[in-house]
Amino acid sequence: MLRLFYQVDHVLSRTIHTSSLRERVREPTVISETAADERALILKDYTRFCHQQRIADEKWLKKGILAQDNALKELKRLAPALYEAAIQLDDNLLPRTVHGPKLTPPLKTYVCPDGDYVDTTKSWT
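Here the working numbering is used: the first residue of the sequence shown is 251, the next is one more, and so on.
If you want it as structure tokens, here you go:
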């Protein structure tokens, strides 16, 4: 894990900025009604665009998966050995490295709870 160390002057500048916080506060801006309406319409148009984009992406993915399935079916029909080789997972596709112990040893000072509990069930008899 990469750990970043801050320089002392950087930390001091943070305290200076927080001490002058009142000077840095902006007054809220007043937006006219027409500008607010225009922003709302732009937001609606953007939302529609994002929805259409998402639908197009889903169609594209479904089309690709269907083409892949059809190609695998055809490969299975023509050459079963090649089909078996094609569906095997590639271990080198995603590189992975593991560091540290495979099993974590138990803590010697840990006191395991015995499972004792107070029965708070109401008796209706």
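Every residue, glycine too, gets a C-beta built ideally from N, C-alpha and C.
Contact belief for residue i with residue j at Cβ below 8 Å, rounded distance in angstroms
i: A317; j: L325; result: No, A317 and L325 are not in contact; Cβ-Cβ is about 12 Å, not under 8 Å.
i: Y333; j: L322; result: 7 Å
Inter-residue spacing [alpha-carbon to alpha-carbon] between residue i and residue j
i: M251; j: P355; result: Caution applies to M251, whose pLDDT of 49 falls short of 50 and renders its modelled position unreliable; the model cannot decide the point.
i: C362; j: V368; result: 17 Å
i: A290; j: K309; result: 29 Å
i: T279; j: R272; result: 17 Å
i: S282; j: E288; result: 10 Å
i: I315; j: L339; result: 17 Å
i: D307; j: T297; result: 15 Å
i: C300; j: S270; result: 41 Å
i: L293; j: I305; result: 18 Å
i: A348; j: D341; result: For the sequence presented, residue 348 should be read as Val rather than Ala. Each residue's Cα considered, the two are about 14 Å apart.
i: R276; j: Q302; result: 38 Å
i: P330; j: D364; result: 57 Å
i: S373; j: T359; result: 39 Å
i: T370; j: L357; result: 32 Å
i: A286; j: G350; result: 56 Å
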